[in-house]
Structure formats: structure tokens, C-alpha cells
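Numbering (my numbering), first residue to last: 2 to 290.
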């Protein structure tokens with residue numbers, strides 16, 4: 002994978018599990034009228050990379066510093082091949098990369114019963130994976146544990162863990178629904194997902210390009226409609242979930258500000274500055290085509 006093509010889609014968004022209705026976010030938006038006749042997106046990005054090779058590398062390195070490397074995004078990182086027990090030991094030693102990988106894997110495993118990027122996945126075919134998933138009883142305590150590790154990873158610098166949170170909690174809520182899960186728990190998971198998404202807007206408030214890369218592309222994810230659109234009380238359900246999400250968000254925001262300040266980190270980091278910010282905005286324009 003070339004540096005110019007860093008894919009921000011989490012490795013935990015896709016799998017051979019056909020029962021999930023998740024899909025990786027797309028960075029392709031409807032182009033404004035004035036850009037329709039301009040250079041196509043892929044050509045634009047290639048030209049940028051050739052014109053500003055060092056800035057291209059810096060942008061990708063910046064994203065990798067606060068999120069995951071290319072190998073890890075592909076589910077092929079060194080930590081992702083470790084046994085759970087080893088990975089947890091590293092996460093408990095305040096290794097932020099181990100925290101984000103362990104937290105993500107823990108939620109995924111707790112919701113589905115498989116480690117999609119773990120060593121065991123090499124010895125399963127798709128039918129075997131489906132059987133495991135379909136017979137798996139969701140572990141809510143495990144999901145909660147994974148959430149706590151992802152949050153801590155974000156506090157200690159891997160703020161991309163918040164992006165993981167929005168995706169994985171949403172996935173868990175949908176998975177519970179397919180298993181006729183508790184309605185209260187399902188709505189709580191979806192509300193939490195939305196709350197973390199709101200928090201990420203704050204985290205990247207100084208970096209319009211990063212905010213758009215991570216957030217503007219997740220419009221495909223609308224679990225409230227997917228789960229409840231056929232209900233007569235859909236409007237009421239949606240209003241309640243969004244209200245719960247707002248309350249959770251306010252609590253998360255206060256907690257985030259306290260914890261980041263307590264550990265001596267910038268509350269809302271500014272990753273793209275100067276020429277890198279200009280390049281980031283130009284890079285974003287290519288994705289908008």
C-alpha cells in the first residue's frame with residue numbers, strides 16, 4: 002500500500018462474517034459543481050504526492066502516530082498477531098498501541114466470538130466463522146472492558162481509538178439486535194457510539210482535514226434508522242437515543258478534558274500546522290471529488 006493511499010477504514014469494520022451489515026466508510030463525496038470538470042480524485046492525489054512527497058509522508062506519518070500503521074489498518078500488525086494474554090500485559094503497561102489494538106480486539110471478540118485479525122483466523126474458513134458467530138453469546142462485560150482500553154489509548158495519544166469506538170460499539174449494538182438482545186442495552190450502545198462520534202468532532206476541531214477524513218465519511222452509519230425505521234414509534238425512539246447520546250457526550254467531554262489535562266496532554270491537539278495543514282486541506286479536496 003502506497004503512503005498516498007492510507008486507508009482510514011478500521012480493520013475491525015470488515016470481515017468474512019456475512020451476518021453483519023457494516024461497511025467501510027467511503028471518502029467519496031458528491032463533488033461541488035465547480036469541481037466536476039477538474040482532475041479526477043485518484044489523479045489529483047497522485048499529483049499531490051509527486052509534487053509534495055515529503056508533506057505526503059508527513060501527513061500519513063501523523064495519522065499513523067495517533068491512530069494505526071498501514072499494516073495495523075490491514076489487520077496485519079505485530080500486536081494483532083499476539084495472544085490476548087500477551088497483548089493485555091502490554092496494554093496494562095501503558096503501551097498506547099497495545100491499548101488500542103487490545104481494546105478493539107476485545108470488543109470484536111466479545112460481540113462475535115472470533116478474533117478477526119488474530120492468529121486463530123488463519124485456521125478458519127468463512128463457514129466456520131459464521132458458525133462461531135451465529136452461536137456466540139455476546140459478552141457485555143468484555144465490550145465494556147474493550148471500551149475502557151480504547152478510551153485510555155486515546156487519552157495517552159492514540160486518539161484514533163475514539164474512531165474505533167464509534168464503529169465497534171455501533172457494530173455491537175447491531176449484533177445484539179440480530180440475537181434479539183436487550184432493547185435497553187442496544188439503544189445504550191448506539192447512543193454511546195454517537196456520543197464518541199461527537200467527542201471526536203471536538204478532538205479534531207483544529208484540523209478540518211482530519212475531522213472530515215474521519216467523520217464526514219461515516220454518514221453511511223445510521224443504525225437508528227436501520228434498526229427501528231419500521232416501528233410506529235420510530236421518531237420517539239430516535240429522539241430518545243439522540244437525547245441520551247447528547248447527555249453521554251457532555252459527560253465524555255468533561256471527562257476527556259479532565260483526563261487529558263491531568264496527564265499533561267493537550268486537550269484538543271492540533272496535528273496539522275503550517276505547510277502540513279495546507280497540504281492536508283489540499284489532500285482533502287482530492288477526496289471530495
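Heads up, the beta-carbon is just placed ideally off N, CA and C, and yes, glycines get one too.
- Task: Measure the C-alpha to C-alpha separation of residue 56 and residue 215 and round it to an integer number of angstroms.
- Result: The residue labelled residue 56 in the question sits at position 55 within the chain shown. The residue labelled residue 215 in the question sits at position 214 within the chain shown. If you take the alpha carbons of residue 56 and residue 215, they lie about 19 Å apart.
message: Counting C-beta neighbours from all protein chains within 10 Å, is the total for residue 205 16 or more, i.e. buried, or is it exposed?
response: Looking up residue 205 in the chain shown gives position 204. Classification for residue 205: buried.
Please report the distance separating the alpha-carbon of residue 97 from that of residue 265.
As a working mapping, residue 97 is identified with position 96 in the chain shown. As a working mapping, residue 265 is identified with position 264 in the chain shown. Each residue's Cα considered, the two are about 15 Å apart.
Which residue's Cα is closest to the Cα of residue 242: 187, 285 and 286?
Taking the chain shown and counting its residues from 1, one reaches residue 242 at position 241. Answer by Cα proximity: 187.
Closest to residue 67 by CA distance: which of 201, 50 and 109 is it?
Counting from 1 along the chain shown, the entry for residue 67 is found at position 66. The shortest C-alpha separation from residue 67 is found at 201.
- Query: Helix, strand or coil: which one does DSSP assign to residue 81?
  - Reply: Within the chain shown, residue 81 is the residue found at index 80, counting from 1. Helix at residue 81.
Evaluate the contact criterion for the region 169-186 versus the region 224-242: three or more CB pairs, one atom per stretch, below 8 Å. Verdict: yes, contact present.
Whole-Å CB distance - residue 196 paired with residue 250, under 8 Å assumed:
Walking along the chain shown from the start, residue 196 turns up at place 195. Walking along the chain shown from the start, residue 250 turns up at place 249. Indeed they touch by this definition, with Cβ atoms about 4 Å apart.
query: Helix, strand or coil for residue 282 per DSSP?
result: Along the chain shown, read from residue 1 onward, the residue named residue 282 stands at position 281. Helix, per DSSP.
* To do: Mark residue 142 as exposed unless 16 or more other C-beta atoms lie within 10 angstroms of its C-beta, in which case mark it buried.
  => Within the chain shown, the letter at position 141 stands for residue 142. By the neighbour-count rule (16 or more Cβ atoms within 10 Å), residue 142 is not buried but exposed.
Nearest CA to the CA of residue 282: which residue from 239, 212 and 268? In the chain shown, residue 282 corresponds to position 281, counting from 1. Among 239, 212 and 268, the Cα nearest to that of residue 282 is on 212.
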